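These notes are about the structure you will find just below.
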Amino acid sequence: RLQKTLLWIFILASIATVLSLDNGLMRTPPMGWMAWERYRCDIDCVSDPKNCISEALFIDMADRLAEDGWRELGYDHIMIDDCWTAMLRDEEGRLQPDPLRFPGGMLKLAQYVHDRGLKLGIYADIGKFTCMGYPGTTLDKIQIDAQTFANWTIDYLKFDGCYSSTDEQEKGYPLMSKALNATGRPIGYSCSWPAYQGGLPPKINYTFLGEICNAWRNYDDIQDSWDSVLGIVDWFFNNQDHLQPAAGPGRWNDPDMLIIGNFGLSLDQSRSQMALWAIMAAPLIMSNDLRTISSSSRNILQNKVLIGISQDPLGFQGRRLLKEKSQIEIFWRPLSHAASALVFFSRRSDMPYRYQTSLARLNYTTGSYKVLDVFTGETASFPSHTTEFTVSINPSGVVMWYVCPTSRWMHHEKEEGRRWKNRISSPKHHRLNTGSRMFL
Ligand SMILES: *[C@@H]1O[C@H](CO)[C@@H](O)[C@H](O)[C@H]1NC(C)=O
Ligand SMILES: *[C@@H]1O[C@H](CO)[C@@H](O)[C@H](O)[C@H]1NC(C)=O
Ligand SMILES: *[C@@H]1O[C@H](CO)[C@@H](O)[C@H](O)[C@H]1NC(C)=O
Ligand SMILES: *[C@@H]1O[C@H](CO)[C@@H](O)[C@H](O)[C@H]1NC(C)=O
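Residues -20 to -1, 1 to 420 (mature numbering (1 follows the signal peptide of the UniProt record, and there is no 0)) are what the sequence shown spells out, left to right.
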């Protein structure tokens, strides 16, 4: 067992030496807010002024990120998606924002965002058109568009792949990477390439992708439903042998936006999305209405321990360890300081399930451990890795732990303990695991 774990650490450590795009960006998964899932291509600013894709929307959300505690937690990107441009390029062949919806222009919007300590992301598409039919960035336009974005002081580009051929993608994604670099402005680069080619080797060479992109969409767009979240989770963990080694500092798999705070997820399902996205070392990019978000959704998204796990500096993507017949699944992510995160996830639809196991059965090495329940803030001590415990997992919910060898816990008590006390989100909506052995 020890050997197996050591082997794992060796494998993971050797992955960390794989090259990533050399722009110094996204050493941890990017965090922020993106318009697409919630606001789509709503361009009707006459009858829906609060929700249409316009500078007013991004100004509203920038204000919320800056004033409601998001930025301090790491949510520092605000990202424009499709439908921001005018239908035609300008006389010099440059993309231009829709003049009615972005009357101040992009440079001014970027300044507004930067003045609030945030970064601005923008969207383009390697094909003839964007997915919604706006002007695309064909091969001949890559340089001018990269320079336009740099001139606007843009910080992040999502480069989509609608209306493009395999050949254009093969040429265009590396070309844009070079063009962004040539501007001299560090611009985070998110590539949708794999999502258009099935997301798996041999069609996708993740080693290469990590050398030219900071992040990439591997799979389908997320929708506002639990079915959609489950479909994404299944695809990513069923293919973890291909995907997990691809991730690391500066190079991330992107299972798409967080839909927490919208309409499709219950509170337990919202905790599940957040927990599994942190296990996957996924970008934490919300698409919701920060102006009206409920405090219960906000507490999940602002959970400091969970964000700490997501942003662990080692940048190892986690894995699914077990799929039980009882429809309990267990996920694990190794973290710095010999710590790890565990997620117990229930796919059941009956009642809270009492799952019994021990750390030894999850292949933890000999020793004593302390755990912190990420959502309740409770801690427990296991004198031995063989200590049996029971967790109570709600239907479509999770229990998530931060796990640490007892000898290393002191380190956290000292260095992070005080911070962590404030990090734990409101104890009002937790599921107390009363009756379970671990919290006796
Ligand atoms: C461009 O690439 C070079 C070489 O990989 C790197 O040193 C430099 O930091 C990059 N610059 C930007 C702005 O990304
Ligand atoms: C970017 O700005 C430079 C300096 O002002 C200018 O010469 C260049 O034409 C601009 N490029 C684009 C594509 O806007
Ligand atoms: C994948 O890309 C890497 C880095 O560019 C390259 O060294 C390797 O040969 C490629 N693998 C395959 C199977 O093409
Ligand atoms: C633990 O290790 C054994 C032996 O290598 C392996 O067969 C088993 O799948 C592992 N269990 C888990 C939960 O990872």
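Glycine included, C-beta positions come from ideal geometry on N, C-alpha and C. All values reported here derive from a predicted model rather than from experimental measurement.
Asked: Candidates ALA360, MET331, SER320, GLN249, of which the one nearest VAL378 by Cα; Found: GLN249
Asked: Inter-residue Cα distance where the pair is GLY164 and ALA42; Found: 25 Å
Asked: The segment 125 to 140 in contact with the segment 99 to 115 per 3-pair CB rule at 8 Å; Found: yes
Asked: Cβ contact check for the segment 331 to 345 and the segment 365 to 378: 3 or more pairs under 8 Å; Found: yes
Asked: Coil, strand or helix - GLN253 by DSSP; Found: helix
Asked: beta-carbon LEU302 near ligand 6 non-hydrogen atom, thresh 7 Å; Found: This structure simply doesn't include ligand 6; it includes ligand 1, ligand 2, ligand 3 and ligand 4 instead.
Asked: Delimiting residues of the beta strand (DSSP E) encompassing PHE311; Found: 308 to 314
Asked: For PHE325, the nearest candidate out of SER252, GLY49, ILE202, LYS151 (CA to CA); Found: SER252
Asked: Coil, strand or helix - GLY101 by DSSP; Found: strand
Asked: Buried or exposed (CB count within 10 angstroms, at least 16 for buried), MET260; Found: buried
Asked: Member of SER316, PRO293, ALA321, ASP292 whose CA lies at the smallest distance from the CA of LEU301; Found: ALA321
Asked: Helix, strand or coil at GLY230 [DSSP, three-state]; Found: coil
Asked: The segment 272 to 287 / the segment 59 to 70 touching (three or more Cβ pairs under 8 Å); Found: no
Asked: Continuous beta strand (DSSP E) stretch holding HIS365: start and end; Found: That residue, HIS365, is in no beta strand (DSSP E); it is neither H nor E in DSSP.
Asked: Straight-line gap, ILE287 to ASN279 (C-alpha atoms, nearest Å); Found: 11 Å
Asked: Proximity of PRO182 and ARG197 at Cβ, strictly below 8 Å; Found: no
Asked: Cutoff 6 Å; reference ASP266; Cβ partners in own chain excluding five residues on either side; Found: Just to set this straight, residue 266 is Met in the shown sequence, not Asp. Closer than 6 Å at the Cβ level, and outside the excluded window around MET266, lie TRP13, LEU238.
Asked: GLN127: CB within 7 Å of a non-hydrogen atom of ligand 2; Found: yes
Asked: ALA319 beta carbon less than 8 Å from that of CYS384; Found: yes
Asked: ARG334 - containing beta strand (DSSP E), residue span; Found: 333 to 338
Asked: Contact set for ARG313: own chain, Cβ-Cβ below 6 Å, skip 5 residues either direction; Found: ILE259, GLY298, ALA321
Asked: C-alpha gap between SER144 and ILE60, whole angstroms; Found: 21 Å
Asked: Given 8 Å, three or more beta-carbon pairs between the segment 212 to 221 and the segment 184 to 196; Found: no
Asked: CB contact flag (LEU270, ARG20, <8 Å); Found: no
Asked: Cβ separation of PRO229 and GLY295, assumed to be a contact under 8 Å, to the nearest whole Å; Found: 4 Å
Asked: Beta-carbon spacing of PHE38, LEU89 below 8 Å; Found: yes
Asked: Residues near LYS108 by beta carbon distance below 6 Å, same chain, minus five either side; Found: GLY116, TYR143
Asked: Test item: CB-CB of residue 424 and ILE23 under 8 Å; Found: Residue 424 lies beyond the range of the chain shown here (-20 to 420); nothing can be said about it.
Asked: GLY179 versus SER172: straight-line alpha-carbon distance, rounded; Found: 10 Å
Asked: Neighbour-count burial assignment, LEU(-2), 16 or more Cβ in a 10 Å radius; Found: exposed
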